[in-house]
Amino acid sequence: MRGQFRFKDGYTYRMPAVFRNYPFKRDVRVVYDDCRMICVEQRTEEEALAQYIPEDFEIAAPVVNWSYTNCRGVDFMMGGEYRIMQASAPVRYCGGKESIDGCYPLVIFENNAVPVLGGREEDGMPKVVCDISLDRHFENHWFAALSSDCETIMRMNFRQEAEMAPSAVEAYNKGAKMAAFGNRCLPSVDRAGCDYQDYILYPQEIAAERIFTGRGSVEVIAPAEWYIQPYFSQTLYALSGLPNLGFENALRIEGRLRLYVSESRPL
């Protein structure tokens, strides 16, 4: 007897596709109801950063934007939680008829496979799984760390100094919606290269309730030998090899995060 599964019109599919298929909905927005973020900019050299930015994008500023997020009240996880550490660069998409400002994620570390798989398959986000600590603090010093196989691979520090006035938070929120660009590619199986590749526009927005200024830094800890971290070594060598010209514009944010899933589209 031959199999009876077939794809249906009007349905959307997730792996494993024979089980996970749903009627497609247009108006979908994902809400993270309770988030704590730490953000810091690392100034670097434009030529070094350009090695990791596809040619369809222009670098808006030679910086790496680091952001740690402790995500709680995640609606698609039924109020569950997970944590994120993202490295991205401010860019402008100029590969087609449109010109769009946004950020190009270089890598997104997450400590839960559910959002990793969805973000990679659907939106081409460069997500990988590792252990990520809670954002802890002693007095005004906030800190978090990433690890894999019991080896620390990254640390973030933030020394809080002052809280922004409500009017400043309101002004920040007016420009908080931004475009993230995914790079979705399907590797070839029987030859080098990719069988399929496109860019995905994925709008998202921070709704800050409280913002604190301060001084922040990120330390990327590359392994002494590649085989100590075989899955992460290339990424860690690349990030740690970017010239560090200083950290600036460090913030700690408490608020909500919205992902405009229904507005995402191929470019």
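Counting from 264, one number per residue, gives the positions in the sequence shown under this note's numbering.
The beta carbon of each residue, even a glycine, is placed where N, CA and C say it ideally should be.
Residue pairing by DSSP places Q314 opposite no residue, since no beta bridge is assigned to it.
The alpha-carbon of G477 is positioned some 21 Å away from that of C334. Cβ-Cβ separation between R515 and I301: approximately 5 Å, consistent with a contact (criterion under 8 Å).
Apart from sequence neighbours up to five positions away, the residues of its chain that approach Y331 with a beta-carbon distance below 6 Å are I301, M348, A407 and M419, ordered along the chain. According to the DSSP assignment, N512 belongs to the beta strand (DSSP E) that extends over F510 to L522. Taking a C-beta distance under 8 Å as the contact criterion, E468 and R521 qualify as a contact pair. When the five nearest sequence neighbours on each side are left out, the beta carbons in the same chain lying within less than 7 Å of the beta carbon of M388 are those of P368, I371, G382 and G445, in order along the chain.
As computed with DSSP, T415 is found in a beta bridge with S410. Boundaries of the beta strand (DSSP E) harbouring K390: K390 to V392, taken from the DSSP string. Bounds of any alpha helix (DSSP H) do not take in T476; it lies within the beta strand (DSSP E) bounded by C457 to V483. No residue range can be given for P279, since it is assigned to no beta strand (DSSP E) and is classified by DSSP as neither H nor E. The three-state reading of DSSP puts D364 in strand, counting E and B together.
Inclusion of A513 and L499 in the CB contact set at 8 Å is not warranted, their separation being larger than that value. Y490 has its alpha-carbon roughly 43 Å from the corresponding atom of E472.
For D458, same chain residues with a beta-carbon under 7 Å away, outside a window of 5 residues either side, are L449 and S451 in chain order. Minimum Cα-Cα distance from A323 among the listed residues R528, V391, Y356 and K390 corresponds to Y356. In this structure, the alpha-carbon of E321 lies about 47 Å from that of Q267. For G358, there is no enclosing alpha helix (DSSP H), as DSSP marks it with neither H nor E. Note: K440 is bridge-paired with E468 in the DSSP secondary-structure output.
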